[in-house]
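Student:
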Amino acid sequence: MSTKRTTQKGEGTAADIGSTRTKKPKKKKEENNQTEAASTRLKKSKKKKEAADDKEKENKDEKDEKKGNTRIKKKKKKDTTKRELEDTNNNNNNQDEKDKEKKEDERTNRNDAFNDEAKVAMKQFTYQIVQSGLHQLRIQFNDLKSFVPADASKKHFDANPTKCRYKDVPCWDRTRVILSWPPGVAGDFVHANRISHELLEGQQYICCQGPLDATVSDFWRCVWQEKVKQIIMLCRCEELGKAKCAQYWPATVGEKMSFYGLTIKCEKVDSSDRSFIHTKLALTYESETRMVDHRQWTTWPDKSVPKTPMASFRLLQYTRKNPSHSTVIHCSAGVGRTGT
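Numbering (numbering that gives the first Met the number 0), first residue to last: 0 to 339.
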């Protein structure tokens with residue numbers, strides 16, 4: 000009995016052992032699977048990390064590139080700004096040089112306008128003014144203001160009120176310019192008088208009022224008839240909001256005006272002088288053309304003193320270049336700045 004049980008027990012134990020041996024490979028397989036899964040996860044994690052690192056590196060490279068581009072742009076902008084500043088400075092320097100040359104040319108032109116005789120005369124005139132004193136100058140001024148010529152006839156002035164700018168500025172019959180050109184045109188009156196004096200040494204001057212719109216044609220009749228070479232205008236067309244003179248000449252290059260078959264054309268305008276505007280005019284009648292210099296003094300205010308007192312001597316010097324031809328001088332009334 001006892002032996003049998005032992006044998007059965009032993010057999011049972013052997014079966015159990017066989018069963019255990021059968022289960023061991025399965026467990027090992029599970030461990031292998033777990034190892035492979037862990038390895039796979041590790042690889043995936045590693046790849047993910049590598050991808051993240053690559054992405055981070057890529058982002059960093061992009062940032063560095065942007066920073067580099069920004070630095071390049073800033074440098075380019077800085078260089079451009081520097082070049083622009085240098086160009087501006089160069090342009091300013093060039094402009095300064097041009098202005099300096101222009102001023103030197105103006106000084107040279109002003110000096111060339113006076114000969115030695117004129118310079119001596121100016122010194123003598125200045126000396127006489129200083130010696131006379133202010134009181135004597137006032138006496139002379141009042142004498143001139145109240146001066147009435149010996150022959151004070153002015154019937155033509157009285158007969159043509161629409162052709163006269165001011166009622167209290169007469170045109171004396173004895174010295175007035177009598178219009179006769181062109182033949183057959185009615186009316187011989189223009190508010191203009193010939194001026195003669197021993198100190199003028201034969202120089203011919205015609206002083207007149209600033210033309211009205213209605214007398215522009217008469218003004219040009221006078222200029223052509225008297226063979227005028229120079230016109231000196233001492234006023235602006237409008238001053239302090241008041242009309243002082245008609246725009247009687249073409250002021251733009253190429254512009255033309257015509258009266259009684261006489262064509263006035265603007266050939267050139269020079270505004271380089273600070274005091275004058277010099278306009279070159281071509282007057283043509285039939286087959287004859289004459290050149291006339293028109294100089295407008297723009298810096299002498301009405302009822303005041305000129306900003307550049309030497310300009311008057313320069314103008315007189317211009318008129319002396321054509322002593323055999325008449326020079327027309329006018330302001331608004333033809334007595335104030337013109338008389339001075």
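Quick reminder that beta carbons are idealized off the backbone N, C-alpha and C, glycines included.
(1) Could you tell me the alpha carbon to alpha carbon distance between Cys-221 and Gln-130, rounded to whole angstroms?
(2) Kindly indicate which residue of His-277, Ile-263 and Thr-262 has the alpha-carbon position closest to the one of Asp-269.
(3) Leaving out the 5 sequence neighbours to the left and right, which residues in its chain are closer than 6 Å to Tyr-165 when beta-carbon positions are compared?
(4) For Ile-328, count neighbouring Cβ atoms within 10 angstroms of its own Cβ and tell me buried if that reaches 16, exposed if not.
(5) What does DSSP give as the partner residues of Met-256 in its beta bridges?
(6) How many angstroms separate the CA atom of Asp-301 from the CA atom of Arg-193?
(7) Using only the alpha-carbon positions, how far apart do Ile-263 and Gln-127 sit?
(8) Check the C-beta distance from Val-291 over to Lys-241 and give it rounded, since I have them as a contact under 8 Å.
(9) Tell me the rounded alpha-carbon separation between Asp-217 and Val-304.
(10) How big is the Cα-Cα spacing for Thr-326 and Lys-144?
(11) Helix or strand or just coil, what does DSSP make of Arg-20?
(12) Please report how far the alpha carbon of Glu-225 lies from the alpha carbon of Glu-83, in whole angstroms.
(13) Tell me the DSSP secondary structure of Arg-173 in three-state form.
(14) Can you tell me which of the three DSSP states His-293 falls into?
(15) Suppose the cutoff is 7 Å on Cβ atoms and the five residues either side in sequence are ignored; what does the same chain contact list for Ala-120 look like?
(16) Write down the C-beta distance between Asp-284 and Leu-261 rounded to the nearest angstrom, noting that I regard them as a contact closer than 8 Å.
(17) Using the Cα positions of Asn-58 and Lys-48, report the straight-line distance between them to the nearest angstrom.
(18) Return the residue from the list Ser-179, Arg-273 and Tyr-317 that minimises the CA-CA distance to Trp-223.
(19) Using the Cα positions of Arg-319 and Ala-213, report the straight-line distance between them to the nearest angstrom.
(20) Since Val-334 and Val-147 should fall inside the 8 Å C-beta cutoff, what is the C-beta to C-beta distance between them, to a whole number of angstroms?
(21) With burial defined as no fewer than 16 other Cβ atoms inside 10 Å of the residue's Cβ, what is the status of Gly-132: buried or exposed?
(22) Among Trp-299, Lys-43 and Lys-255, which has the Cα closest to the Cα of Leu-239?
(23) Would you say Val-252 and Cys-265 are within 7 Å of each other, going by their C-beta atoms?
(24) Could you tell me how far apart the beta carbons of His-155 and Asp-172 are, in whole angstroms, since I believe they sit closer than 8 Å?
(25) Using CA atoms only, rank isn't needed, just tell me which of Cys-170, Lys-45, Asp-150 and Ala-151 is closest to Asn-159.
(26) Using alpha carbons as the reference points, say which of Pro-210, Asp-115, Thr-39 and Arg-289 lies closest to Thr-163.
(27) Using the C-alpha atoms, what's the distance from His-190 back to Gly-201?
(28) Using a threshold of 7 Å, state whether the C-beta atoms of Thr-307 and Ser-271 are closer than that.
(29) Could you have a look at Phe-188 and say whether DSSP puts it in helix, strand or coil?
(30) Whose CA, out of Asn-92, Lys-76, Phe-312 and Pro-182, lies closest to the CA of Asp-115?
(31) With distance defined between alpha-carbon atoms, name the residue in Lys-42, Tyr-259 and Arg-289 nearest to Pro-182.
Tutor: Let's see:
(1) The sequence position of residue 221 within the sequence shown is 222, counting from 1. The sequence position of residue 130 within the sequence shown is 131, counting from 1. So the two alpha carbons sit approximately 41 Å from each other.
(2) Within the sequence shown, the letter at position 270 stands for residue 269. Closest by alpha carbon: His-277.
(3) On the sequence shown, residue 165 is found 166 positions in, with the first residue counted as 1. Cβ neighbours of Tyr-165 beyond the five flanking positions: Ala-332.
(4) Position 329 of the sequence shown, counted from the start, is the residue given in the question as residue 328. Buried.
(5) Against the sequence shown, residue 256 aligns to sequence position 257. DSSP, once it has assigned bridges, lists Ile-263 as partnering Met-256.
(6) If you number the sequence shown from 1, residue 301 lands on position 302. If you number the sequence shown from 1, residue 193 lands on position 194. Their Cα atoms are separated by approximately 23 Å.
(7) Locating residue 263 in the sequence shown gives position 264, counting from the first residue. Locating residue 127 in the sequence shown gives position 128, counting from the first residue. Straight-line Cα distance between these residues: approximately 43 Å.
(8) By one-based count along the sequence shown, residue 291 stands at place 292. By one-based count along the sequence shown, residue 241 stands at place 242. In fact, because the Cβ distance is near 27 Å, the residues do not count as touching under 8 Å.
(9) As a first step, residue 217 is located in the sequence shown; it is residue number 218 there, counting from the start. As a first step, residue 304 is located in the sequence shown; it is residue number 305 there, counting from the start. Near 30 Å, if we compare the C-alpha coordinates of Val-304 and Asp-217.
(10) Numbered from 1 along the sequence shown, position 327 holds the residue referred to as residue 326. Numbered from 1 along the sequence shown, position 145 holds the residue referred to as residue 144. In a straight line, the C-alpha of Thr-326 is about 24 Å away from that of Lys-144.
(11) The residue given as residue 20 occupies position 21 in the sequence shown. Because the pLDDT at Arg-20 is just 49, under 50, the model does not fix this residue reliably, and the point stays unresolved.
(12) Translated into positions along the sequence shown, residue 225 becomes position 226. Translated into positions along the sequence shown, residue 83 becomes position 84. Distance between the alpha carbons of Glu-225 and Glu-83 is about 59 Å.
(13) Position 174 of the sequence shown holds residue 173. DSSP places Arg-173 in coil when its eight states are reduced to three.
(14) Taking the sequence shown and counting its residues from 1, the one referred to as residue 293 is at position 294. In this structure, His-293 counts as strand in the three-state DSSP scheme.
(15) Position 121 of the sequence shown, counted from the start, is the residue given in the question as residue 120. Closer than 7 Å at the Cβ level, and outside the excluded window around Ala-120, lies no residue.
(16) Counting from one through the sequence shown, the residue named residue 284 turns up at place 285. Counting from one through the sequence shown, the residue named residue 261 turns up at place 262. The sequence as given places Tyr at residue 284; Asp does not occur at that position. Sure, about 5 Å apart at Cβ, within 8 Å.
(17) Working through the sequence shown from its first residue, we reach residue 58 at position 59. Working through the sequence shown from its first residue, we reach residue 48 at position 49. About 15 Å.
(18) Stepping through the sequence shown from its first residue, residue 223 is reached at position 224. The residue with the shortest Cα to Cα distance from Trp-223 is Ser-179.
(19) As a working mapping, residue 319 is identified with position 320 in the sequence shown. As a working mapping, residue 213 is identified with position 214 in the sequence shown. If you take the alpha carbons of Arg-319 and Ala-213, they lie about 31 Å apart.
(20) The sequence position of residue 334 within the sequence shown is 335, counting from 1. The sequence position of residue 147 within the sequence shown is 148, counting from 1. Not a contact, Cβ separation roughly 13 Å.
(21) Taking the first residue of the sequence shown as position 1, residue 132 is located at position 133. Its Cβ having fewer than 16 others within 10 Å, Gly-132 is exposed.
(22) For the purposes of this step, residue 239 is identified with residue 240 of the sequence shown, where counting begins at 1. The option with the nearest alpha carbon to Leu-239 is Trp-299.
(23) Along the sequence shown, one-based indexing puts residue 252 at 253. Along the sequence shown, one-based indexing puts residue 265 at 266. It is a contact, given that the beta carbons lie within the stated cut-off.
(24) Translated into positions along the sequence shown, residue 155 becomes position 156. Translated into positions along the sequence shown, residue 172 becomes position 173. A Cβ-Cβ separation of about 6 Å places His-155 in contact with Asp-172 under the 8 Å criterion.
(25) Against the sequence shown, residue 159 aligns to sequence position 160. With distances taken between Cα atoms, Asn-159 lies closest to Cys-170.
(26) Here residue 163 is taken as the residue at index 164 of the sequence shown, counted from 1. Before going on, a small fix: residue 163 reads as Cys here, not Thr. Taking each of Pro-210, Asp-115, Thr-39 and Arg-289 in turn and checking the Cα distance to Cys-163, the smallest one comes out for Pro-210.
(27) Against the sequence shown, residue 201 aligns to sequence position 202. Against the sequence shown, residue 190 aligns to sequence position 191. Rounded to the nearest angstrom, the two C-alpha atoms are 22 Å apart.
(28) Indexing the sequence shown from 1 puts residue 307 at position 308. Indexing the sequence shown from 1 puts residue 271 at position 272. Cβ distance not < 7 Å, so Thr-307 and Ser-271 don't count as in contact.
(29) Here residue 188 refers to the residue found at position 189 when the sequence shown is read from its first residue. In this structure, Phe-188 counts as coil in the three-state DSSP scheme.
(30) As a first step, residue 115 is located in the sequence shown; it is residue number 116 there, counting from the start. The shortest C-alpha separation from Asp-115 is found at Phe-312.
(31) Within the sequence shown, the letter at position 183 stands for residue 182. Out of Lys-42, Tyr-259 and Arg-289, Tyr-259 has the C-alpha closest to the C-alpha of Pro-182.
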